[in-house]
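J.: Please read through the structure below; I'll follow up with questions.
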Ligand code: AMP
Ligand code: ZN
Ligand code: FE
Ligand code: FE
């Protein structure tokens, strides 16, 4: 069974439509995918309908923008009721904060001699519900200032670069509680990528498990080297966490994240499903 539990569509910063993504999953020989767009459930109904047509199981998901001590941490929520009011309200606040920072990014780019307007960003973002730096990057590409998204991040948009603007994130513990309140299971995405490894220590993860019922951690992810994967697998086992794997596919928006390049083992998936069922979520 081939299971990929973290993917993005055009509804956030991926480049495939939700339906297109499911068809690609079928081509890639996947049996299960989770659609986990940033801070929105907007694509999950379409993806689920496409999955039903072609025989790919689609788990509804979201990747929430959270933080621990000011450091960005991504939290995957699986099987949530997409109409749950407290969670929907928080996701709306996150999207609003994302949009609010765009004029400031345009101002900074203008100071650097680049003319990017809100309309330029809206044009490249098309139907996206969640706007982000990748859409600003696409606008820079469209205007010929850079060759691709990566160059835009490396030169201007990455943390610490001149056009970077910080934004609001949900506190991690609060996000875990919101996911659980919506019947879902909470899994920390790429915990030990370079930027968040120092805050997601073993004692903190232990505390998140015992005090907040954190369900899992992503182990097999492109941001983790082999050694890191081994350490996380071992630690996750000790803490009783579900250990997942995923591509974090963004279509053509991010290189080296081909659909199905990392997979979740079937027992881990079954455990996740059972936790979602126990909480009354949707699978
Ligand atoms: P934002 O949500 O606006 O903070 O942008 C974050 C998104 O930009 C991530 O989900 C990635 O898809 C992408 N991203 C972040 N950092 C980089 C980077 N250094 N190079 C390329 N893409 C990146
Ligand atoms: Zn993304
Ligand atoms: Fe992420
Ligand atoms: Fe992601």
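Residue numbers (the working numbering): 1167 to 1449.
Beta carbons are placed, not taken as given, at the ideal position from N, Cα and C, and that holds for glycine.
For the region 1381 to 1392 against the region 1278 to 1293, do three or more pairs of beta-carbon atoms, one drawn from each stretch, fall closer than 8 Å, so that the two count as touching?
T.: Taking a cut-off of 8 Å for Cβ pairs, the region 1381 to 1392 and the region 1278 to 1293 do not touch, as fewer than three such pairs fall below it.
J.: In or out: residue 1334 buried (at least 16 other Cβ within 10 Å) or exposed?
T.: Classified as exposed, residue 1334 has fewer than 16 neighbouring CB atoms from the shown chains inside 10 Å of its CB.
J.: Quick one: give me the first and last residue of the beta strand (DSSP E) that residue 1273 is part of.
T.: Element bounds for residue 1273: not the beta strand (DSSP E) but the alpha helix (DSSP H), 1268 to 1277.
J.: Which residues in the same chain have their Cβ closer than 7 Å to the Cβ of residue 1176, if we skip the five residues on either side of it in sequence?
T.: Short of 7 Å from the beta carbon of residue 1176, and not among the five residues preceding or following it, lie these beta carbons of its own chain, in chain order: 1182, 1183, 1292, 1293, 1294.
J.: Just the Cα atoms here: how many angstroms apart are residue 1436 and residue 1417?
T.: 27 Å
J.: May I ask you to report which of helix, strand or coil DSSP gives residue 1376?
T.: helix
J.: I'd like to confirm the pairing. Which residues does DSSP put opposite residue 1243 in its beta bridges?
T.: In DSSP, residue 1243 forms a bridge with 1228, 1352.
J.: With 16 as the cutoff for other CB atoms within 10 Å, does residue 1349 come out buried or exposed?
T.: buried
J.: Once you ignore the five residues that flank residue 1245 on each side, which residues in its own chain have a CB closer than 7 Å to its CB?
T.: 1225, 1226, 1349, 1350, 1351, 1442, 1447, 1448, 1449
J.: Pick out the complete alpha helix (DSSP H) segments inside the region 1270 to 1325, 4 residues or longer, and give them in chain order.
T.: 1284 to 1291, 1299 to 1308, 1315 to 1318
J.: Hey, how far is the Cα of residue 1457 from the Cα of residue 1306?
T.: The chain is shown only over 1167 to 1449; residue 1457 falls outside these bounds and no answer can be derived.
J.: Taking residue 1118 as the reference, give the member of 1195, 1248, 1205, 1238 with the closest Cα.
T.: The chain is shown from 1167 up to 1449; residue 1118 falls before or after that span and cannot be answered.
J.: Can you tell me whether residue 1391 sits near ligand 2, meaning its C-beta is under 7 Å from at least one heavy atom of the ligand?
T.: no
J.: Any heavy atom of ligand 1 closer than 7 Å to the Cβ of residue 1356?
T.: No, the Cβ of residue 1356 stays beyond 7 Å of every heavy atom of ligand 1.
J.: Please check the pair residue 1173 and residue 1438, which I expect to be a contact at CB under 8 Å, by giving their CB distance rounded to whole angstroms.
T.: Between the beta-carbon of residue 1173 and that of residue 1438 there is about 16 Å, and that puts the pair past the 8 Å contact cut.
J.: Whether or not the region 1320 to 1336 and the region 1426 to 1433 are in contact is what I'm after, with contact meaning three or more pairs of Cβ atoms, one per stretch, closer than 8 Å; do they touch?
T.: Put simply, the region 1426 to 1433 does not touch the region 1320 to 1336. Fewer than three CB pairs are less than 8 Å apart.
J.: Any heavy atom of ligand 1 within a distance shorter than 7 Å of the CB on residue 1299?
T.: yes
J.: Count the other CB atoms, across all protein chains shown, that sit within 10 Å of the CB of residue 1264; report buried if there are 16 or more and exposed otherwise.
T.: buried
J.: Taking the alpha carbon of residue 1242 as the point to measure from, which residue in 1382, 1316, 1363 has its own alpha carbon closest?
T.: 1382
J.: For the putative contact between residue 1361 and residue 1185, defined by C-beta atoms under 8 Å, what is the C-beta separation to the nearest angstrom?
T.: The Cβ separation is near 32 Å, so there is no contact.
J.: Between residue 1450 and residue 1170, what straight-line distance do the alpha-carbon atoms span, to the nearest angstrom?
T.: No answer is possible for residue 1450: the residues shown for the chain start at 1167 and end at 1449.
J.: Does ligand 3 have a heavy atom nearer than 7 Å to the CB of residue 1229?
T.: yes
J.: On the premise that residue 1189 lies in contact with residue 1216, defined as a C-beta separation below 8 Å, what is that separation, rounded to the nearest angstrom?
T.: 7 Å between Cβ atoms; contact.
J.: Please name the residue, chosen from 1278, 1315, 1203, 1287, that lies closest to residue 1267 on a Cα-to-Cα basis.
T.: 1287
J.: Nearest-angstrom Cα distance between residue 1323 and residue 1207?
T.: 26 Å
J.: Go ahead and label residue 1384 buried or exposed: buried means 16 or more other beta carbons lie within 10 angstroms of its beta carbon, across all protein chains shown.
T.: buried
J.: Which two residues bound the contiguous alpha helix (DSSP H) that contains residue 1188?
T.: First-last of the alpha helix (DSSP H) with residue 1188: 1184 to 1193.
J.: Can you tell which of 1233, 1329, 1321 has its C-alpha closest to the C-alpha of residue 1277?
T.: 1329
J.: Cβ of residue 1423 versus every heavy atom of ligand 3: is any distance shorter than 7 Å?
T.: no
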